[in-house]
Structure formats: structure tokens, C-alpha cells
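Asker: In terms of my numbering, the sequence shown is numbered consecutively and its last residue is 582.
I am attaching a structure below and will ask some questions about it afterwards.
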Amino acid sequence: MSENTILIENKRNGLLIKNGVSFLLPFIMITSCFALWGFANDVTSPMVKAFSKIFRMSVTEGAMVQVAFYLGYFVMAFPAALFIQKYTFKSGVLIGLGLYALGALMFIPAKTIGVYFPFLLAYFVMTCGLSFLETSCNPFIYCMGSEDTATQRLNLAQAFNPIGCLAGLYVAMEFIQAKMSPMDTAARSALSDAQFNLIKEHDLGVLIQPYVFIGAFIVILLVLIRVTKMPNSGDTHSGKPMRQSLAELLAARNYREGVIAQFFYIGAQVMCWTFIIQYGTRVFMSEGMTEKAAEILSQKYNIAAMVLFTCSRFICTWFLKYIQPGRLLSILAIVGMSAVAGVIFFTDRNGLYCLVLVSGCMSLMFPTIYGIALRGLGDNVKMGGAGLIMSILGGSVFPPLQALVIDSGVEIAGIPSTNISYVIPFICFLVVAIYGHRAYVRHNIKQDYY
């Protein structure tokens, strides 16, 4: 065996081996959680439109689903980091699964009450669990091998996230949107209160079913992970005061900029996946389709976007063997900006095709920003991971802003408000491109990531 072959083999083995300990089984178990929070994210995005119809609300009011959803990430990330700092990654995963299951099962009493707020509370509890999961799982995967292969390992684990996303999109289309009442928004607004309540009761019964099933499934997974022995890696408490850890993190320029880039990236991701339904519905209704048919067809384009996202994740993970992460990140962000420009200026299906293309550009971004930002943090990885999960708040901040633009009905040079609203994701991708370039420059000139 040649020396080069040995080096390649060692690098391959090092992907899931650290200090002679194999992390294959823990990697498989924890990677399953990536698929589960992907399901939660993408069964929820179409619910903005669904809740708007069920409760006869505006797009802006419906977007409160995303506010509640991503607010849970922000609120719980720091407590989750303190918890796993004191205990273990596995304990954090178990707490996360428990809260996820509780939030999903809260849809049952929310449906019984029959008003909007309990659903928002259920989403908030559910994503407090997702925050625990992501705060625990991402750095756990990061520590399951050498730091040299950490970004590649994160991308591999994250490659299973869009598989869960696809399942969520399919369930939303086939088991929620297709089974809800076909009555459109205009017809619902003309119903009497008694008629409206009958339709609402039916649609809420349809809407909660996937959440109840996933809640039951998560309880089973929680038990399986609880009885599975997992070796410790990165689970030792550093003994460093929290104030010192935070000061060191704030002083780390590469990390600090990474949190900002992640905030803008998550905002762009949520906007592009949430409002593809509104975008496609406008396009297809202008072609003469009914609102319900346009919504279902738009969801099929959403699924196509997620298929592209999934395939692109595996392809980009392979590219990372040959292209420095910062450079690949900036390239994809620039291509994403070009695609968003098409979304803005095309007013027919070409704009929708561009919106699907954006998902292919986004596939690499979250785990790559995460891996770049954590590089060189040493025993601050747990606390640093929490900051990056807190930056998911971008998914709560930006969608309501885009919804306000959509609801405004403003047109500029014949471009509809739905198209104009994608200026916000364009700006978000610009921030990501700048971060990728700066990370690449720092890497090439051998500067410290601090």
C-alpha cells in the first residue's frame, strides 16, 4: 500500500474515530435527530398559508407561526448550552426529544380549544425541544472525530436533515393541504360564524394528525437513545467561568461573524421555503387555476426544491474534499443571489424555477457556517454552538418583514409585491457571501481564527 493510500485511508477512518474510539453507532443515532427536526421545519412552513385560511387571517398574522417556531430556538439555546456544559450531549438530546414530543402532542388540546394562540404555544414548546436537540447534536457530531474533518462530518450528518424535510413537505401536501376543505379564502370570508366553525373544526382535525403521530414516534426514539450506550467526547466540563467563555467567544472574530452570517442565512432559508407557496399561488392563479389547485401545485415545487437541496448537500459535501469551505460558501451565496434576482424580476413560472434553484445553493450553508465558526474554539465549543443555534432567531425576524411587504400589495414597474419581498433574502445571501469570502481569506493567509 502506497504512502498516499495510507494517508487517504487514515483520513477516511478519522471521520468517525477519535482517540481509537469508534463513533459509528452514536453517529447513526444522533443523525436520526437531524431528520426529525427537518421534518418539523418543513411540515410547519406550509402551515402559514393553512392557518391563514383556517382562521381567516392575513399573511402577516399567519407568519406568527414562524415567529413562535423560531423564537423557541432563540430562547432555549443558551439554557441548553448551560445544561450540556454541566451534563452531557446525550442528556441534552433526551431533554430535546422530550420537549419536541410534548409540543407536538399539545396540538390535541389546542385543537379542542379551537383558537390560534394555543397552536403558537405548542410550536414554541416544540422548538424549545428542537433548540436543545440542535445545541446538543451539532457539537456532538463536531466532536465525533478530528477537528480537521469536522466540517465534512457536519455536512454528512446534515445531509440527512433534508430527508426529514422532504417527508415533512410530502405530509403537509398529501395529509394536510389535500384533505383540508377546498373552499378558498374569499369563500370562507363570506361564511356565517356557524358555517365557518364547522369548516374550521374539520380543517384543524386534519392539521393536527401529523403532529400527533410524530410526537408518538419521538417518544419511542427517546427510549431507544436512552438505553443506547454512547462514548463521551467533548463532554468534560472545562471549569472555566461562563463570563470568561463568553468574553473569549466575543473576541473571536471568525466566530462572531459566523453568528451574524448564520442569523441572516436562516432568515433567507425560512423566507424562501415559507413563501414559495404564496409566490407559486400568485403565478398559477394568474394562469387561471383555482386557489386550492395553485397551492397544491406550489407545494410540489417546494418538494422539488427540497429534492434539489438534498442532492446538492451530498454533492457539496464531496466538493469539500477539494474546495476550502469558505470559498465554496461564498460561491454558492453569489449563485443564490443571482437566482433570487430572477425570483424578483420574473413574474411567471421562470421566477418559480429560480426559487427552486435557490434551495440547491442553500444546501451547504448552515453546517459550513457552523463548522467554520467553531474552528479553533477549543473548550468553548459547547457555548459557541449555543450562540450559533440562537442565531436561528433569524427565522423568526425576517419572515414577518417579508409578509408585511407581501400584504402591502405594493407594485414597482409592474413587479408584484410577492416578488419585491424577495429583496430581503437577496440581502441575507449577500451577508453570507461576505462571510464566506472573509473566512477563505483568513484561511489562505494562515491567520488565527481569532
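The beta carbon of each residue, even a glycine, is placed where N, CA and C say it ideally should be.
Determine which residues share a DSSP beta bridge with I547 and list them.
Answerer: As a position in the sequence shown, residue 547 is number 415, starting the count at 1. In DSSP, I547 forms a bridge with I544.
Asker: Quick one, which of G468, Y572, D174 has its alpha-carbon nearest I455's?
Answerer: As a working mapping, residue 455 is identified with position 323 in the sequence shown. If we check each option's Cα against that of I455, Y572 comes out closest.
Asker: How long is the line joining the alpha carbons of L336 and V513, rounded to whole angstroms?
Answerer: By 1-based counting over the sequence shown, the position of residue 336 is 204. By 1-based counting over the sequence shown, the position of residue 513 is 381. When rounded, the distance between both Cα atoms is 42 angstroms.
Asker: Write down the C-beta distance between N287 and L484 rounded to the nearest angstrom, noting that I regard them as a contact closer than 8 angstroms.
Answerer: Working through the sequence shown from its first residue, we reach residue 287 at position 155. Working through the sequence shown from its first residue, we reach residue 484 at position 352. Contact doesn't hold; Cβ gap of about 28 angstroms is too wide.
Asker: Are T163 and F201 touching if we call contact CB-CB under 8 angstroms?
Answerer: If you number the sequence shown from 1, residue 163 lands on position 31. If you number the sequence shown from 1, residue 201 lands on position 69. For T163 and F201, no; Cβs fall outside 8 angstroms.
Asker: If you measure between the beta carbons of A172 and M312, is that distance less than 8 angstroms?
Answerer: One-based indexing of the sequence shown puts residue 172 at position 40. One-based indexing of the sequence shown puts residue 312 at position 180. No, they are not a contact pair.
Asker: Kindly indicate which residue of L464, S549, V555 has the alpha-carbon position closest to the one of A473.
Answerer: Here residue 473 corresponds to residue number 341 of the sequence shown, with the count starting at 1. Among L464, S549, V555, the Cα nearest to that of A473 belongs to V555.
Asker: So within the stretch 427-467, which uninterrupted alpha helix (DSSP H) runs reach at least 4 residues, ignoring any that extend past its ends?
Answerer: Within the stretch 427-467, no complete alpha helix (DSSP H) run reaches 4 residues.
Asker: Would you mind sorting W169 into buried or exposed? The rule is 16 or more other CB atoms within 10 Å of its CB.
Answerer: Within the sequence shown, residue 169 is the residue found at index 37, counting from 1. So W169 ends up on the buried side.
Asker: Would you kindly work out how many angstroms separate the C-alpha atoms of L262 and A545, rounded to a whole number?
Answerer: Residue 262 sits at position 130 when you count from the first residue of the sequence shown. Residue 545 sits at position 413 when you count from the first residue of the sequence shown. So the alpha carbons of these two residues sit roughly 42 angstroms apart.
Asker: Taking the alpha-carbon positions, what's the L139 to A383 distance?
Answerer: Taking the first residue of the sequence shown as position 1, residue 139 is located at position 7. Taking the first residue of the sequence shown as position 1, residue 383 is located at position 251. The predicted position of L139 is uncertain, since its pLDDT is 34 and thus under 50; no value can be drawn from it.
Asker: Would you kindly report the start and end of the unbroken alpha helix (DSSP H) that includes Q327?
Answerer: Here the question's residue 327 lines up with position 195 in the sequence shown. Start and end: 325-359.
Asker: Taking the alpha helix (DSSP H) that Q284 falls in, what are its first and last residues?
Answerer: Taking the sequence shown and counting its residues from 1, the one referred to as residue 284 is at position 152. Taken as a continuous stretch (DSSP letters only), the alpha helix (DSSP H) holding Q284 covers 282-290.
Asker: Can you give me the C-alpha to C-alpha distance between T442 and V351, rounded to a whole angstrom?
Answerer: In the sequence shown, residue 442 corresponds to position 310, counting from 1. In the sequence shown, residue 351 corresponds to position 219, counting from 1. For T442 and V351, the distance between alpha carbons rounds to 27 angstroms.
Asker: Measure the beta-carbon distance from I340 to F239 and round it to whole angstroms, keeping in mind my assumption that it falls under 8 angstroms.
Answerer: Here residue 340 corresponds to residue number 208 of the sequence shown, with the count starting at 1. Here residue 239 corresponds to residue number 107 of the sequence shown, with the count starting at 1. With 8 angstroms as the limit, I340 and F239 qualify as a contact, their Cβ atoms being about 4 angstroms apart.
Asker: Which of the three DSSP states is assigned to V193 in this structure?
Answerer: Taking the first residue of the sequence shown as 1, we reach residue 193 at position 61. Val is not the amino acid found at residue 193; the sequence shown has Glu there. Note: E193 maps to helix in three-state DSSP.
Asker: Who are the near neighbours of V467 in its chain, counting only those whose CB is closer than 7 angstroms to its CB and skipping five residues on each side?
Answerer: Within the sequence shown, the letter at position 335 stands for residue 467. Cβ within range, chain order: C493.
Asker: Tell me whether S278 sits in a helix, a strand or coil according to DSSP, three-state version.
Answerer: Here the question's residue 278 lines up with position 146 in the sequence shown. Coil.
Asker: Is the Cβ-Cβ distance between F396 and V564 less than 8 angstroms?
Answerer: Residue numbering aside, residue 396 sits at position 264 when the sequence shown is read from its first letter. Residue numbering aside, residue 564 sits at position 432 when the sequence shown is read from its first letter. Yes, the pair counts as a contact, with Cβ atoms nearer than the cut-off.
Asker: Which value, in whole angstroms, describes the spacing of the CA atoms of L452 and S444?
Answerer: Within the sequence shown, numbered from 1, the residue matching residue 452 stands at position 320. Within the sequence shown, numbered from 1, the residue matching residue 444 stands at position 312. Using only the alpha carbons, I get a separation of about 12 angstroms.
Asker: Check each candidate in F187, C275, R285, L440 and name the one with the smallest Cα separation from G246.
Answerer: As a position in the sequence shown, residue 246 is number 114, starting the count at 1. Cα-wise, what sits closest to G246 is F187.
Asker: Just reading off the alpha helix (DSSP H) that P373 is part of, what are its end residues?
Answerer: Walking along the sequence shown from the start, residue 373 turns up at place 241. Note, P373: premise wrong, no alpha helix (DSSP H); not H, not E.
Asker: What do you get for W450, buried or exposed, if any count of 16 or more other CB atoms within 10 angstroms of its CB means buried?
Answerer: Your numbering for residue 450 matches position 318 in the sequence shown. The residue is exposed, with fewer than 16 neighbouring Cβ atoms inside 10 Å.
Asker: Would you mind stating whether A209 and I463 have Cβ atoms separated by less than 8 angstroms?
Answerer: Looking up residue 209 in the sequence shown gives position 77. Looking up residue 463 in the sequence shown gives position 331. The answer is no: Cβ separation not under 8 angstroms.
Asker: Can you give me the Cβ contacts of S540 inside the same chain, cut-off strictly under 6 angstroms, excluding the 5 residues immediately before and after it?
Answerer: Counted from its first residue, the sequence shown places residue 540 at position 408. Cβ within range, chain order: S549.
Asker: Between which two residues does the alpha helix (DSSP H) carrying T413 extend?
Answerer: The count along the sequence shown starts at 1 and reaches residue 413 at position 281. It spans 408-418 - the alpha helix (DSSP H) in which T413 sits, taken as one unbroken run.
Asker: Let me make sure I understand the geometry here. Which of T406, I501, M362 has the alpha-carbon closest to that of A282?
Answerer: As a position in the sequence shown, residue 282 is number 150, starting the count at 1. Ranking T406, I501, M362 by Cα distance to A282 puts I501 first.
Asker: With distance defined between alpha-carbon atoms, name the residue in L231, G510, K218 nearest to R380.
Answerer: Position 248 of the sequence shown, counted from the first residue, corresponds to residue 380. Checking the displayed sequence, the identity of residue 380 turns out to be Glu instead of Arg. Among L231, G510, K218, the Cα nearest to that of E380 belongs to G510.
Asker: Can you grab the Cα-Cα spacing for the pair F477 / R375, in whole Å?
Answerer: Numbered from 1 along the sequence shown, position 345 holds the residue referred to as residue 477. Numbered from 1 along the sequence shown, position 243 holds the residue referred to as residue 375. For F477 and R375, the distance between alpha carbons rounds to 48 angstroms.
Asker: Assuming T479 and V180 are in contact, meaning their beta carbons sit under 8 angstroms apart, how far apart are those beta carbons, in whole angstroms?
Answerer: Mapped onto the sequence shown, residue 479 falls at position 347. Mapped onto the sequence shown, residue 180 falls at position 48. 22 angstroms between Cβ atoms; not a contact.
Asker: Indicate the three-state DSSP secondary structure (helix, strand or coil) for P314 in the structure shown.
Answerer: Residue 314 sits at position 182 when you count from the first residue of the sequence shown. If DSSP states are grouped into helix, strand and coil, P314 belongs with coil.
Asker: List the endpoints of the continuous alpha helix (DSSP H) containing S164.
Answerer: Here residue 164 is taken as the residue at index 32 of the sequence shown, counted from 1. S164 -> alpha helix (DSSP H) spans 156-176.
Asker: Quick test of your reading: G228 and F264, contact by CB under 8 angstroms. State the CB separation rounded to the nearest angstrom.
Answerer: Translated into the one-based positions of the sequence shown, residue 228 becomes position 96. Translated into the one-based positions of the sequence shown, residue 264 becomes position 132. About 3 angstroms; that satisfies the 8 angstroms criterion.
Asker: Does DSSP put M494 in a helix, in a strand, or in coil?
Answerer: In the sequence shown, residue 494 corresponds to position 362, counting from 1. In the structure shown, M494 sits in a helix (DSSP, three-state: H, G or I).
Asker: Could you check whether P557 and A436 sit closer than 8 angstroms to each other, using their CB atoms as the reference points?
Answerer: As a working mapping, residue 436 is identified with position 304 in the sequence shown. As a working mapping, residue 557 is identified with position 425 in the sequence shown. For A436 and P557, no; Cβs fall outside 8 angstroms.
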